[in-house]
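Colleague:
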Amino acid sequence: MNSDAAKEILSAYRSSDRDGADPIFHEALQQMESDSELKKWFEEQHDLDGAIRQKLASIEPPPDLQAKILAQIRGQKVRRFALPQVWLAAAACLVVGGIALFYSNRQTGPDRFQEFKTDALAMVSAQGGPALDLRTPDLTETQNYLRDHQAPCDDELPARLKSMETEGCRAFVWKQYPASLTCFRLPNGLLLHLVVIHRDAMGNANIPVGIKSVGDWHVMFQQKDGMLMMWATQAPMDQLKQMVVKLGWEGVHGLTQADEL
0 MNSDAAKEIL
10 SAYRSSDRDG
20 ADPIFHEALQ
30 QMESDSELKK
40 WFEEQHDLDG
50 AIRQKLASIE
60 PPPDLQAKIL
70 AQIRGQKVRR
80 FALPQVWLAA
90 AACLVVGGIA
100 LFYSNRQTGP
110 DRFQEFKTDA
120 LAMVSAQGGP
130 ALDLRTPDLT
140 ETQNYLRDHQ
150 APCDDELPAR
160 LKSMETEGCR
170 AFVWKQYPAS
180 LTCFRLPNGL
190 LLHLVVIHRD
200 AMGNANIPVG
210 IKSVGDWHVM
220 FQQKDGMLMM
230 WATQAPMDQL
240 KQMVVKLGWE
250 GVHGLTQADE
260 L
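Numbered by numbering that gives the first Met the number 0, the letters in the sequence shown go through residues 0 to 260 in order.
1. For serine 179, which beta-bridge partners are listed by DSSP?
2. Can you give me the Cβ contacts of alanine 56 inside the same chain, cut-off strictly under 6 Å, excluding the 5 residues immediately before and after it?
3. Please name the residue in Asp46, Ala5, Leu37 and His45 whose C-alpha comes closest to that of glutamate 290.
4. Going by C-alpha distance, which of Ala234, Ser2, Ser35 and Ser10 is nearest glutamine 113?
5. Kindly provide the ranges of any alpha helix (DSSP H) runs that are 4 or more residues long and lie completely inside the segment 104 to 161, ordered along the chain.
6. Quick check on glutamine 175: buried or exposed, where buried means 16 or more other Cβ atoms within 10 Å of its Cβ?
7. Below 8 Å on the Cβ atoms is my contact criterion, and I expect isoleucine 210 with histidine 217 to pass it. Report the Cβ-Cβ distance as a whole number of Å.
8. Where DSSP assigns a beta bridge to glutamine 222, which residues make up the other side?
9. Using the C-alpha atoms, what's the distance from phenylalanine 115 back to glutamate 32?
10. From methionine 122 to proline 60, what distance separates their C-alpha atoms?
11. Taking buried to mean at least 16 other C-beta atoms within 10 Å of its own C-beta, is threonine 139 buried or exposed?
12. Check whether the segment 218 to 235 and the segment 141 to 148 touch, using three or more Cβ-Cβ pairs below 8 Å as the test.
13. DSSP beta-bridge partners for serine 212?
14. Can you tell me which of the three DSSP states leucine 190 falls into?
15. State the start and end residues of the unbroken alpha helix (DSSP H) segment that holds glutamine 30.
16. Could you tell me the distance, in whole angstroms, from the CA atom of glutamate 166 to the CA atom of threonine 135?
17. By Cβ distance below 8 Å, which residues in the same chain neighbour leucine 189 in space, the five residues on each side in sequence not counted?
18. Which one of Asp215, Met226 and Ile23 has the shortest CA to CA distance from glutamate 155?
19. Take cysteine 152 as the anchor and find which of His192, Gly214 and Asp63 has the nearest alpha-carbon.
20. When you compare only the Cα positions, how much space is there between phenylalanine 183 and lysine 54?
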């Protein structure tokens, strides 16, 4: 893993008590310890996140907030009086809840997609390979397993891809959306990972087309039948482009001719 890939993964890191023991971040944290610039960036981001959380926690509504709101509605003058503590607590919850809703809505767009891409890459780039529920070279077995576990999968893969052996598969949940991972064995010994999730999980985010490079990884996305499919591999870019042509992926909705971005 290089520093660019580690930065992608660490951008989703929250705190040591929440994510410190998560194996998804283990390799990225190790890379950070050997890269002073990456460590400086991470510490700055961590300090900024902490400052934002502290600011949000310090927000308190004014004591006469409810009176002002009611007076505005009724067209009356505001009479200053002290609200009961329970009302103050309710008002504070509304303010904080509104802020949380704002950030939640923001995450249905580009931020949501970036978080998904980061989490998916962290999963497949885990040291020793991704954790799989089922290990088998048989694609039919992987698809049957995913269906049995209510995980989305692509039943209309190109014939050439169906003839490849698999490493196995995994059914998981991302942000309350069921998702799946299937790993194909390429002739050069590397893996081609397919992550499938419902398109609704990305909200209104625009999904990029073509092949993108993220550190040592090359990724591309397809949209089909209400699903979002993310393909990821560390195979050389030229080999991946040749595979795209051989498998006829140019004609699939949501994927144009492969270009390095």
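Quick reminder that beta carbons are idealized off the backbone N, C-alpha and C, glycines included.
Modeller: Taking the structure as given:
1. In DSSP, serine 179 forms a bridge with Ala170 and Val195.
2. There are no such residues.
3. In the structure displayed, the chain extends from 0 to 260; residue 290 sits before or after that span and is not available.
4. It is Ser10.
5. Counting only runs of 4 or more residues that sit fully inside the segment 104 to 161, the alpha helix (DSSP H) segments are 109 to 123, 138 to 147 and 158 to 161, in chain order.
6. Looking at its Cβ environment, which holds fewer than 16 other Cβ atoms inside 10 Å, glutamine 175 is exposed.
7. At roughly 6 Å, the Cβ-Cβ gap stays under 8 Å, so isoleucine 210 and histidine 217 are in contact.
8. Partner residues in the beta bridge of glutamine 222, as assigned by DSSP, are Leu227.
9. So the two alpha carbons sit approximately 25 Å from each other.
10. If you take the alpha carbons of methionine 122 and proline 60, they lie about 41 Å apart.
11. Looking at its Cβ environment, which holds fewer than 16 other Cβ atoms inside 10 Å, threonine 139 is exposed.
12. Flag = no, the segment 218 to 235 and the segment 141 to 148 do not touch.
13. Beta-bridge partners of serine 212 (DSSP): His217.
14. Strand, per DSSP.
15. For glutamine 30, the enclosing alpha helix (DSSP H) covers residues 22 to 32.
16. Cα-Cα distance, rounded: 6 Å.
17. Here the set comprises Thr232, Gln233 and Ala234.
18. Nearest C-alpha to glutamate 155: Met226.
19. Answer by Cα proximity: His192.
20. For phenylalanine 183 and lysine 54, the distance between alpha carbons rounds to 47 Å.
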